[in-house]
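Colleague: Anchor point for the sequence shown: position 251 equals 623 in the numbering used here, and the numbering is continuous, going up by one each time.
Mind looking over this structure? Questions follow.
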Amino acid sequence: ATAAQEDEEQNMGRFAGLATPRADPILGLKAVFLADEHPDKMELTIGAYRDDDGAPWVLPSVAEAKARAYDHEYLPIEGLASFLRASQRLLYGEEATKSVVANVQALSGTGAVRLALEFLRRHSNRPLYVPATTWANHRNIGRDAGFPETRAYRYLRADGKTFDEAGLLADLRAADQGSIVLLHLCAHNPSGVDPSPEQWERIADAFRERSLLPLFDAAYLGFASGDVDRDAAAFRLFVSRGLLPWACVSFSKNFGLYSERVGAVHATVSSEDERSKVVGHFKLIARPMYSNPPAYGARIVAAVLEDPALERSWRASLRHMADRIATMRALLRQKLEEKSSDDDVDWSHITSQIGMFSFTGLTPRHVRALRDKHHVYILDNGRLSMAGVNTHNVDRLAAAVVDVLKTTVDEETTTTRAEL
């Protein structure tokens, strides 16, 4: 190359040839929402709790814990011991003292899944399975943790609204022996469709038959039903059955600590010797990745869960948040049914689903029409954040949904409102 060519390449910038990546399907849409100047725009994409006035809510127990004095010293690589004990107790319940558990603090649920998958990719040499319908970031994390592929197992039936138990069990029984299988503990994201207790028993049977490693994503512990014990039941079932489950726990939703990035990995193991080795290898992963985890949010969680009065207040807040979302589900269904002129439309899935999100059944074309015509923002896959629905916007939301179903024909499937 001539000197002139070298100068030209230098002036172009070292990374000018990179392709522009697609925006994140959730956070990228939030940026579009912020740029929308319509006065009545409605943001129902982000999984963050809002009160009935659409405002963030600081839990009273969290507010009190924040008022306490904290130092600013480094935590150990594995994290804050009091937080890890409290998190383990919350997840395992009565099984906590009977189980041998390798614990490590993580950067919320995303970081916990990344830590767990980094470990498992390095040390298990087994395939990774995730639900065919799942949080989009699960596949990204598996890819970046080094899994050559992320295999899918069936989760929803073709209607996109109900649990496909037969398909899930068939896929688990066809999985490679010892495979890693990611499960949503409760409030499945994005569908809000969870297995029943009886179905979890049969799922556990399939794990036993194929010696599968259960990896639970516990992003909504206590937030789904308002009852921690109910939400943790599937994990505790797997513990009691001797399946040695792992869990990636987030405290973003159930404590309202979204920016503090508080999470943990709890890996059930068979012995103290194994526990020590697993924790040691978690530390080897964490040290060059982020060195040690942030202390502030972990200290708040520990303070609440170690104080009986604060824990009672926190559990009452969980019930309050879950009840408000359940009320909004019922009200949204009522409004949709009132405004729908076609009796063939079944809106029962709005109330049969659980947790922060609802899979509406809307197609990408309907979603675009909602956004362009009514300035209502939900994800392209039809996922709607129930946490953003309130008594002030639910009527307009229902009217907008019914309108786009009446007036918009889906280009790809020619789905009309009566067929949804």
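Virtual Cβ for every residue (Gly too), placed ideally from N, Cα, C.
What do you get for residue 421, buried or exposed, if any count of 16 or more other CB atoms within 10 angstroms of its CB means buried?
Modeller: In the sequence shown, the residue the question calls residue 421 occupies position 49. Answer is buried; the Cβ neighbour count reaches 16.
Colleague: Just verifying my parser: in three-state terms, what is the DSSP assignment at residue 557?
Modeller: Working through the sequence shown from its first residue, we reach residue 557 at position 185. Residue state, collapsed to three classes: coil.
Colleague: Quick check on this structure: which residue in 628, 614, 621, 557 has the alpha carbon closest to the alpha carbon of residue 603?
Modeller: Numbered from 1 along the sequence shown, position 231 holds the residue referred to as residue 603. Measuring from the Cα of residue 603, the nearest candidate turns out to be 557.
Colleague: Below 7 angstroms CB to CB, which residues in the same chain sit around residue 657 once its five sequence neighbours on both sides are set aside?
Modeller: Indexing the sequence shown from 1 puts residue 657 at position 285. Cβ within range, chain order: 487, 490, 491.
Colleague: With distances taken between CB atoms, is the gap from residue 517 to residue 572 smaller than 8 angstroms?
Modeller: In the sequence shown, residue 517 corresponds to position 145, counting from 1. In the sequence shown, residue 572 corresponds to position 200, counting from 1. No, the Cβ-Cβ distance between residue 517 and residue 572 is not below 8 angstroms.
Colleague: What is the DSSP secondary structure of residue 545, reduced to helix, strand or coil?
Modeller: Translated into the one-based positions of the sequence shown, residue 545 becomes position 173. DSSP places residue 545 in the helix class (H, G or I) of the three-state scheme.
Colleague: In the DSSP assignment, what residue or residues form a beta bridge with residue 474?
Modeller: Looking up residue 474 in the sequence shown gives position 102. Answer by DSSP bridge pairing, in chain order: 639.
Colleague: Report the option in 496, 768, 506, 774 whose CA atom is closest to the CA atom of residue 591.
Modeller: As a working note, residue 591 is residue 219 in the sequence shown. Considering only alpha carbons, the answer is 506.
Colleague: If you drop the 5 nearest sequence neighbours on each side, which residues of the same chain put their C-beta closer than 8 angstroms to that of residue 403?
Modeller: Counting from one through the sequence shown, the residue named residue 403 turns up at place 31. Closer than 8 angstroms at the Cβ level, and outside the excluded window around residue 403, lie 395.
Colleague: For the 8 angstroms Cβ check, are there 3 or more pairs between the segment 539-553 and the segment 702-716?
Modeller: no
Colleague: Identify the continuous alpha helix (DSSP H) that holds residue 686 and give its terminal residues.
Modeller: The residue labelled residue 686 in the question sits at position 314 within the sequence shown. Unbroken alpha helix (DSSP H) run through residue 686: 680-711.
Colleague: When DSSP labels each residue in this structure, what does residue 784 get in the three-state scheme?
Modeller: Position 412 of the sequence shown, counted from the start, is the residue given in the question as residue 784. Any reading at residue 784 needs caution, since the residue's pLDDT is 47, under 50, leaving its predicted position unreliable; the model's value is listed next. DSSP places residue 784 in coil when its eight states are reduced to three.
Colleague: Starting from residue 464, follow the alpha helix (DSSP H) in both directions and report where the run begins and ends.
Modeller: In the sequence shown, the residue the question calls residue 464 occupies position 92. Bounds of the alpha helix (DSSP H) holding residue 464 are 453-464.
Colleague: Classify residue 661 as buried or exposed, calling it buried when 16 or more other Cβ atoms lie within 10 Å of its own Cβ.
Modeller: Numbered from 1 along the sequence shown, position 289 holds the residue referred to as residue 661. Flag for residue 661 reads exposed.
Colleague: For residue 622, which residues in the same chain have their Cβ closer than 6 angstroms to its Cβ, ignoring the five residues on either side in sequence?
Modeller: As a position in the sequence shown, residue 622 is number 250, starting the count at 1. Excluding residues within five positions, the ones whose Cβ falls inside 6 angstroms are 480, 481, 591, 635.
Colleague: Quick check on the burial criterion: 16 or more other C-beta atoms within 10 angstroms. Buried or exposed for residue 463?
Modeller: The sequence position of residue 463 within the sequence shown is 91, counting from 1. So residue 463 ends up on the buried side.
Colleague: Tell me whether residue 791 sits in a helix, a strand or coil according to DSSP, three-state version.
Modeller: Along the sequence shown, one-based indexing puts residue 791 at 419. Residue confidence is low: residue 791 scores 30 on pLDDT, short of 50, so the model does not pin down where it sits. Its coordinate-derived value is still stated next. Looking at residue 791 - three-state DSSP - the assignment turns out to be helix.
Colleague: Anyone know if the C-beta pair for residue 752 and residue 397 falls short of 8 angstroms?
Modeller: Stepping through the sequence shown from its first residue, residue 752 is reached at position 380. Stepping through the sequence shown from its first residue, residue 397 is reached at position 25. Contact: yes.
Colleague: Can you tell me which of 678, 710, 762, 628 puts its alpha carbon nearest to the alpha carbon of residue 461?
Modeller: Position 89 of the sequence shown, counted from the start, is the residue given in the question as residue 461. With distances taken between Cα atoms, residue 461 lies closest to 678.
Colleague: Only counting the same chain, and skipping five residues up and downstream in sequence, which positions put a Cβ closer than 6 angstroms to that of residue 595?
Modeller: As a working note, residue 595 is residue 223 in the sequence shown. So the qualifying residues of the chain are 625, 626.
Colleague: Reducing DSSP to helix, strand and coil, say where residue 758 ends up.
Modeller: The count along the sequence shown starts at 1 and reaches residue 758 at position 386. Note: residue 758 maps to helix in three-state DSSP.
Colleague: Taking all protein chains shown into account, do 16 or more other C-beta atoms lie within 10 angstroms of the C-beta of residue 387, making it buried, or fewer, making it exposed?
Modeller: Start at 1 with the first residue of the sequence shown, and residue 387 comes out as number 15. By the 10 Å Cβ count, residue 387 comes out exposed.
Colleague: Less than 8 angstroms between the CB atoms is what I'm expecting for residue 745 and residue 776, so what's the real figure, rounded?
Modeller: Numbered from 1 along the sequence shown, position 373 holds the residue referred to as residue 745. Numbered from 1 along the sequence shown, position 404 holds the residue referred to as residue 776. In this structure, residue 745 and residue 776 form a Cβ contact; the two beta carbons are roughly 7 angstroms apart against a cut-off of 8 angstroms.
Colleague: For the 8 angstroms Cβ check, are there 3 or more pairs between the segment 446-456 and the segment 663-673?
Modeller: yes
Colleague: With C-beta atoms as the reference, is residue 729 less than 8 angstroms away from residue 757?
Modeller: Position 357 of the sequence shown, counting from 1, holds the residue named residue 729. Position 385 of the sequence shown, counting from 1, holds the residue named residue 757. Result yes, Cβ atoms of residue 729 and residue 757 sit closer than 8 angstroms.
Colleague: Which class does residue 563 belong to by DSSP, given the choice of helix, strand or coil?
Modeller: Counting from 1 along the sequence shown, the entry for residue 563 is found at position 191. If DSSP states are grouped into helix, strand and coil, residue 563 belongs with coil.
Colleague: Expressed to the nearest angstrom, what Euclidean distance is found between the alpha-carbon atoms of residue 665 and residue 767?
Modeller: Counting from 1 along the sequence shown, the entry for residue 665 is found at position 293. Counting from 1 along the sequence shown, the entry for residue 767 is found at position 395. In a straight line, the C-alpha of residue 665 is about 43 angstroms away from that of residue 767.
Colleague: Helix, strand or coil: how does DSSP classify residue 552 here?
Modeller: Position 180 of the sequence shown, counted from the first residue, corresponds to residue 552. Strand at residue 552.
Colleague: On a Cα-Cα basis, can you pick out the residue from 680, 689, 645, 585 that is closest to residue 628?
Modeller: As a position in the sequence shown, residue 628 is number 256, starting the count at 1. Answer by Cα proximity: 689.
Colleague: Quick check on residue 691: buried or exposed, where buried means 16 or more other Cβ atoms within 10 Å of its Cβ?
Modeller: Taking the first residue of the sequence shown as position 1, residue 691 is located at position 319. With fewer than 16 Cβ atoms within 10 Å of its Cβ, residue 691 is classed as exposed.
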